[in-house]
Structures are given as C-alpha cells and as structure tokens.
Ligand code: NAP
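Structure follows, in structure tokens:
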C-alpha cells in the first residue's frame, strides 16, 4: 500500500471544502485543494497552518472545473506534482438563485457547468489512474435541495439531482475495480454560500430543521472522511444525507 494517499478536493478552499481538507489531512491524506478565484487560497492556507498542517500535508491548485480543458490541465499538474489521485471530492459549487420565470440562460448555464459538468470534467481525468491501481474513492457533494427541490433553485436542484444519478451510475460501472462512488447531501450549512442569504431567510430555514441548528463544515467533513476511508470499501452508490433531520419531514 502507498505510504500516503492523495486527495483532490475541488472547491477545497470554500467553507465546506476547508472543513473536508482539514479532516482528510488529519487522517494522514495529502490534500490538494482546488480553487478558481485568484487569491482565495490565501485564507485557506492560513486556516490550514493555524490548524497545524504544513506544506507536507496540503497544497493548493488553481483551475476552473466548469471548463473541461482547464480541469484537464489542473489535474495533470496535480498528478505531476503530487502523484496519482486516490480520493476525489467533487465539492465546487455555486448558486444563482431566481424563480424560474426570472431565471436567465446565463444563471442556468453557470450553475449546470459548475455544479454538474465539473463532476464529469474532473472525474474523467482521475478515473483511469484509479482503475490502474484498483483503488479509489469518489465523493460527490450534492444537496438536500437536489432531492426535495427548492423555491428559486430550478437550476441548482437540477444540477444536484444530476449529481445523484451520476454517482449511482458510475458506482455501478467501477465497483469491480475497487473504486467506490458516493454522494453526500448537505442540508443547511454555515458557510459563505449561505451567509449570502438575508438573516430573515436563514432564520426561516433553521426553523424547519429538526436539530434546530445550521450544520457546520465539520458535519460534512466527517461524512466525507468516512466514505474516503479504507473501512468504507463496501459502501458505494449511496447518498449520505447530513441535514439535521430535514428529510424526516418528507
Ligand atoms: P463556498 O464556501 O461558496 O465554496 C464553494 C467553493 O467552490 C469555493 O472554494 C469556490 O472557489 C469553488 N468554486 C466555485 N466555482 C468553481 C469553479 N468553476 N472551479 C473551481 N472551483 C470553483 O460554498 P460551500 O457552502 O462550501 O459549498 C460547497 C459545496 O457544498 C457546493 O457544491 C455546494 O453546492 C454544496 N452545498 C452547500 C450547502 C450549504 O448549505 N452551504 C448545502 C448543500 C450543498 P473560489 O473560492 O476560488 O471561488
């Protein structure tokens, strides 16, 4: 077995991504955190350093995963520098909320490209390496809203539901190669994505959560760490809901 596994986390410098990177690094996995906006890696690097992780435990890499060529280049650079990717976490995502009648083609395409095309664009680059070594973990970050729908999110819910179909289908194809493919569907998690909502809207959502609190990135990171672990080798094609019990009302 290799000394240290390598994980690529797309959107790894974001709210949930940072939690995932810290958790995987704590599990002795070398983490490569992807980002797109120049400079957004700075706060991430400080957060990792403050948590006690050094350059032998993590790195950052730029690349727009919504674009196939950019994703190909980003993964090639990562493999050259850090070796084969053992664990892929497809976590990059954006929202462009609007009721369907007000939604523009630009809103639709941006969300589909970043939240759904990205899973194809990046997974396509890593799958052959995983097949060759007969070991791999692919974890796709979907959303409770991909399961239940959400007002103002026809684009986002469609992309996240697409992630679930992608996950199950790919899981079937590669199960015999020692590769697991699973989804994690966060509920309402306290990150920059949800901080963008007005306070009144945030409070209204919290009122619907049986646990009576927003989730935190660690809640999602713990689920991802389990699915990335050696012990999860018989878990594939599943969707792990981490949402404080929201689905209990469905
Ligand atoms: P976030 O803090 O806004 O982080 C999103 C990350 O995605 C950022 O690091 C961003 O990079 C990256 N990203 C966006 N577009 C990209 C692109 N084209 N190429 C590469 N990276 C890109 O959001 P979050 O709350 O952590 O969300 C992480 C994931 O969880 C998303 O897939 C989201 O849909 C999902 N999720 C979140 C919640 C929630 O309540 N927060 C609930 C359900 C699902 P830059 O920093 O460089 O912009």
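In our numbering, the protein residues as written are 16 to 265.
The C-beta atom is built at its ideal place from N, Cα and C for all residues, glycine as well.
Quantities reported herein were computed from a predicted structural model and do not represent experimental measurements.
Helix, strand or coil at residue i [DSSP, three-state]
| i | result |
| --- | --- |
| residue 200 | strand |
| residue 166 | coil |
| residue 16 | Residue placement at residue 16 is poorly supported in this model, since its pLDDT is 47, which falls under 50; the coordinates are not used for a value here. |
| residue 130 | helix |
| residue 28 | coil |
| residue 209 | helix |
| residue 55 | helix |
| residue 221 | helix |
| residue 215 | helix |
| residue 48 | strand |
| residue 74 | strand |
| residue 67 | coil |
| residue 256 | strand |
| residue 195 | strand |
| residue 21 | strand |
Nearest-angstrom beta carbon gap, residue j and residue i [assumed within contact, 8 Å]
| i | j | result |
| --- | --- | --- |
| residue 251 | residue 195 | 4 Å |
| residue 44 | residue 20 | 5 Å |
| residue 102 | residue 152 | 4 Å |
| residue 242 | residue 177 | Contact flag wrong, Cβ pair sits at about 19 Å. |
| residue 37 | residue 236 | 7 Å |
| residue 4 | residue 112 | Since the first and last residues shown for the chain are 16 and 265, residue 4 lies out of range. |
| residue 142 | residue 104 | Actually they do not touch by this definition, with Cβ atoms about 14 Å apart. |
| residue 33 | residue 62 | 6 Å |
| residue 59 | residue 28 | 4 Å |
| residue 197 | residue 253 | 5 Å |
| residue 149 | residue 192 | 6 Å |
Nonlocal neighbours in the same chain, by C-beta distance under 6 Å from residue i, ignoring five residues either side
| i | result |
| --- | --- |
| residue 30 | 206, 207 and 232 |
| residue 87 | 140 |
| residue 218 | none |
| residue 22 | 39, 44, 46 and 102 |
| residue 72 | 40 |
| residue 227 | none |
| residue 16 | Residue placement at residue 16 is poorly supported in this model, since its pLDDT is 47, which falls under 50; the coordinates still yield a value, given next. So the list is empty, once near-sequence residues are dropped. |
| residue 164 | 172 |
| residue 98 | 21 |
| residue 157 | 175, 178, 179, 198 and 200 |
| residue 220 | 203 |
| residue 51 | 79 |
Sequence-distant residues of its chain with Cβ nearer than 7 Å to residue i (five each side left out)
| i | result |
| --- | --- |
| residue 238 | 199, 255 and 257 |
| residue 161 | 172, 175, 176, 178, 179 and 200 |
8 Å CB neighbourhood of residue i in its chain, flanking five on each side removed
| i | result |
| --- | --- |
| residue 204 | 30, 31, 229, 230, 231, 232, 234 and 235 |
| residue 128 | 81 and 82 |
4-residue-minimum alpha helix (DSSP H) runs that sit fully inside the stretch 81 to 159, ordered along the chain: 83 to 97, 120 to 127 and 133 to 148
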